[in-house]
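In my numbering, the protein residues as written are 36 to 302.
Glycine included, every Cβ here is placed at the ideal spot set by N, Cα and C.
Bear in mind that the values here come from a model prediction, so they are computed numbers and not experimental data.
Have a look at the structure below, then the notes.
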Ligand SMILES: C[S@@+](CC[C@H](N)C(=O)[O-])C[C@H]1O[C@@H](n2cnc3c(N)ncnc32)[C@H](O)[C@@H]1O
């Protein structure tokens, strides 16, 4: 899927359910935090293929859900999935959430599952989202905690670092620091900003080959592999396969993951 990026900055696979599967233990936490009410008008920022938008629409029986994403391919896929489910109170628009002229005060709740870490200017983007919310409207985000707290990121970097200490970080972790994120949100006009720790693992596949294929699709994996010469890259992939094997359980390959639920209210 061109242009779409997934958690850890990974490109979305042609199979959208791969990402939804990866997050199957995190999604229920996100849904509970969103607590969509029957009459809510919900804006889903960086909605990807729209699993969270569709869930919001199902809860907002007398309301509606709008998913926006910068990726045309993701939006087309999201529309197809919503039609297949027969949902009539959901819509999707290709839009850059940082600057899109949303109708002011037209949403009760803005949500984003790992879709809000990729803004060039976070304060400007959250200011734009705040304008779209009615006074006291709620914001609920799920974002990654720091890379070193995420077993999956440590394992990928360690495997593909070519023997040196894994370094660097990706924009997927841009909202990991609560103080910094609070500053962005406060400057954008949000109040009652709170962070709740989520300690739920990510799922990479039912077996090691499936997990390796999935992880190889991540942007961070490609970037790390590109830095290595062909022999080092081959050794790195052997180390990555071993790391995945070490995390194989009866029900597939799982890695520890730490994320935040960030909640706030329009001031
Ligand atoms: C990690 S994916 C998450 C997708 C979706 N929220 C989910 O949980 O399935 C991040 C998404 O944010 C989108 N995105 C990044 N920057 C954006 C922007 N400025 N405006 C709208 N969407 C954006 C990407 O295209 C991508 O689909």
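Residue burial classification, residue i (beta-carbon count within 10 angstroms, cutoff 16)
i           : result
residue 209 : buried
residue 281 : exposed
residue 271 : buried
residue 104 : buried
residue 289 : buried
residue 96  : exposed
residue 89  : buried
residue 284 : exposed
residue 49  : Note that residue 49 has pLDDT 40, beneath the 50 cutoff, so the model's placement of it is unreliable and no number is given.
residue 164 : buried
residue 107 : exposed
For residue j and residue i, believed in contact at Cβ under 8 Å, the rounded distance
i           : j           : result
residue 139 : residue 156 : So it is not a contact: roughly 20 Å between Cβ atoms.
Backbone CA spacing between residue i and residue j [nearest angstrom]
i           : j           : result
residue 53  : residue 175 : 23 Å
residue 206 : residue 154 : 9 Å
residue 73  : residue 257 : 42 Å
residue 81  : residue 145 : 11 Å
residue 302 : residue 222 : 11 Å
residue 242 : residue 287 : 5 Å
Endpoints, the alpha helix (DSSP H) within which residue i is located
i           : result
residue 164 : 157-167
residue 134 : Note, residue 134: premise wrong, no alpha helix (DSSP H); not H, not E.
residue 65  : 62-69
residue 258 : 254-261
residue 94  : 86-94
DSSP bridge partner residues for residue i (one or two, in chain order)
i           : result
residue 296 : 177, 231
residue 187 : Answer is none; residue 187 lacks a bridge partner.
residue 77  : 100, 144
residue 317 : The structure shown does not extend to residue 317, since the chain is modelled only from 36 through 302, so no value can be given for it.
residue 289 : 238
residue 303 : No information on residue 303 is available, as it lies outside the stretch 36 to 302 that the chain covers here.
For residue i, the first and last residue of its enclosing beta strand (DSSP E)
i           : result
residue 273 : Taken as a continuous stretch (DSSP letters only), residue 273 belongs to no beta strand (DSSP E), being part of the alpha helix (DSSP H) at 265-281.
residue 128 : 125-129
residue 115 : It is not in any beta strand (DSSP E) - residue 115 instead sits in the alpha helix (DSSP H) that spans 107-119.
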